[in-house]
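Chemist: Below you will find the structure I want to go over with you.
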Amino acid sequence: GGGGGGGGGGGDGGGRYAREEDYAKKCKTGGDSCDVSSSFPTFHLLPRNDERTHGYLAYVETFAHPSVTHFDEHLTCDYGGAGGAPMVVYSTKKLEAVVVSPADNHMAAWQTRSRTLQKHRQQASLSFGLSGMVTDIPAGTTYTTMITFGHSIRRAMLAWGDALWRYHGAKAKLTDPINYQLSYWTDNGAYYYYETEQGKNYADTMVDVARYLDAQIPVQSFQFDSWWYYKG
78 GGGGGGGGGG GDGGGRYARE EDYAKKCKTG GDSCDVSSSF PTFHLLPRND ERTHGYLAYV
138 ETFAHPSVTH FDEHLTCDYG GAGGAPMVVY STKKLEAVVV SPADNHMAAW QTRSRTLQKH
198 RQQASLSFGL SGMVTDIPAG TTYTTMITFG HSIRRAMLAW GDALWRYHGA KAKLTDPINY
258 QLSYWTDNGA YYYYETEQGK NYADTMVDVA RYLDAQIPVQ SFQFDSWWYY KG
């Protein structure tokens with residue numbers, strides 16, 4: 078089942094937001110990684126045309142790399158799933174954008190092309206809701222989707238962040254040095270991600286990197302990724 082939420086103010090340029098809530102009844106689901114257990118809201122995906130007036134931006138897969146494509150019926154499940162939020166739909170002709178994301182239950186949230194809805198409605202659609210991998214939903218479970226609007230992608234994204242802060246009653250904490258100091262990272266995509274200098278181990282490689290940076294760049298901290306600890 079579905080329900081509706083309210084609206085409020087936004088940040089940086091007058092972005093606005095609205096909440097849409099999905100109140101789930103107790104149910105069992107099929108465990109489909111490319112579907113949702115309950116869907117609200119759902120966007121119909123229109124046929125592609127030569128003008129291609131709407132673009133689509135999402136953050137996908139484990140490392141949340143940005144993916145940009147067209148917002149039409151050719152959108153695939155690969156652009157949804159657990160890594161697909163926040164989703165940004167923007168006009169390619171006007172400076173307007175909409176951001177859609179879960180407002181709560183983030184670890185169980187999903188956005189994808191629903192196979193079930195497409196089968197029953199005979200129309201391509203993009204659905205938001207609880208993951209199709211969730212096999213049991215307790216009665217009274219609430220899933221909330223947040224939608225923000227702005228006159229550019231930047232303004233819509235900033236309004237989205239402000240709305241999430243307000244929704245959860247949180248206060249910004251910018252004391253982490255990562256937010257204001259230069260740091261060196263060895264995560265996925267870095268030169269020394271699961272890579273060392275020739276003939277050296279990880280520790281000696283990082284010591285050499287630190288010495289080089291001390292003489293060249295004012296790096297204040299290092300991030301050591303999953304290569305440094307023992308794995309079971």
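Just so we're aligned: 304 in our numbering is position 227 of the sequence shown, and the numbers increase by one with no gaps anywhere.
In this text, a Cβ means the ideal position worked out from N, Cα and C, and glycines have one as well.
As the structure is a prediction and not an experimental result, all values here were calculated from the model.
Could you check where the alpha helix (DSSP H) with Ile255 kicks off and where it finishes?
Modeler: Neither: Ile255 is in no alpha helix (DSSP H) and is coded neither H nor E.
Chemist: Mind the definition here: the stretch 170 to 180 touches the stretch 212 to 223 only if three or more C-beta pairs lie below 8 Å; say whether that holds.
Modeler: Yes, since at least three Cβ pairs between the stretch 170 to 180 and the stretch 212 to 223 fall closer than 8 Å, the two stretches touch.
Chemist: In terms of residue numbering, what span does the alpha helix (DSSP H) encompassing Ile294 cover?
Modeler: Careful: Ile294 lies outside any alpha helix (DSSP H) and carries neither H nor E.
Chemist: Nearest CA to the CA of Ser202: which residue from Thr119, Gly266, Arg232 and Met210?
Modeler: Answer by Cα proximity: Thr119.
Chemist: On the premise that Met164 lies in contact with Ala185, defined as a C-beta separation below 8 Å, what is that separation, rounded to the nearest angstrom?
Modeler: No, Ala185 and Met164 are not in contact; Cβ-Cβ is about 17 Å, not under 8 Å.
Chemist: Can the beta-carbon of Ser208 be found closer than 8 Å to that of Ser116?
Modeler: Going by C-beta atoms, Ser208 is not nearer than 8 Å to Ser116.
Chemist: Can you give the Cα-Cα distance for Thr106 and Pro124, rounded to whole angstroms?
Modeler: Confidence at Thr106 is low in this model, with a pLDDT of 48, below 50, so its placement is unreliable and the value that follows should be read with caution. Cα to Cα, Thr106 sits roughly 30 Å from Pro124.
Chemist: Just list the beta strand (DSSP E) runs in the stretch 164 to 189, keeping only unbroken ones of 3 residues or longer that don't cross its boundaries, in chain order.
Modeler: Complete beta strand (DSSP E) runs here, min 3: 164 to 168 and 174 to 179.
Chemist: Please classify Ser114 as buried or exposed, where buried requires at least 16 neighbouring CB atoms within 10 angstroms.
Modeler: Its Cβ being crowded by 16 or more others within 10 Å, Ser114 is buried.
Chemist: Rounded C-beta distance between Glu274 and Thr263? I'm assuming under 8 Å.
Modeler: Contact doesn't hold; Cβ gap of about 13 Å is too wide.
Chemist: Would a C-beta distance cut-off of 8 Å place Gln293 and Pro254 closer than the cut-off?
Modeler: No, the pair does not count as a contact, with Cβ atoms beyond the cut-off.
Chemist: Return the CA-CA distance between Arg190 and His228, expressed in angstroms with no decimal places.
Modeler: Distance between the alpha carbons of Arg190 and His228: 27 Å.
Chemist: Could you tell me which residues DSSP pairs with Leu207 in its beta bridges?
Modeler: DSSP output for Leu207 lists Ala186 as bridge partner(s).
Chemist: Just grab the DSSP bridge partners of Ser202 for me.
Modeler: Ser202 pairs with His121.
Chemist: Smallest Cα separation from Val211: which of Arg232, Trp187 and Ala247?
Modeler: Closest option to Val211, Cα to Cα, is Trp187.
Chemist: What does the Cβ neighbour count give for Thr218, buried or exposed, with the cut at 16 atoms within 10 Å?
Modeler: Buried is the call here.
Chemist: Quick check: what's the CA-CA separation for Pro295 versus Tyr271?
Modeler: Between Pro295 and Tyr271, the C-alpha separation is close to 24 Å.
Chemist: What number of angstroms, rounded off, separates the C-alpha of Val145 from the C-alpha of Lys170?
Modeler: So the alpha carbons of these two residues sit roughly 16 Å apart.
Chemist: Out of Ala174, Val284, His245 and Val137, which has the shortest C-alpha to C-alpha gap to Leu235?
Modeler: If we check each option's Cα against that of Leu235, Ala174 comes out closest.
Chemist: Answer yes or no: the CB of Val165 versus the heavy atoms of the ligand PLP, is any distance below 7 Å?
Modeler: Ligands displayed in this structure: none; no statement on the ligand PLP is therefore possible.
Chemist: Tell me, please, which residues DSSP counts as bridged to Phe299.
Modeler: Tyr261.
Chemist: CB-CB under 8 Å to Trp304, same chain, minus the five flanking residues each way: which ones, in chain order?
Modeler: Excluding residues within five positions, the ones whose Cβ falls inside 8 Å are Thr263, Tyr270, Tyr271 and Tyr279.
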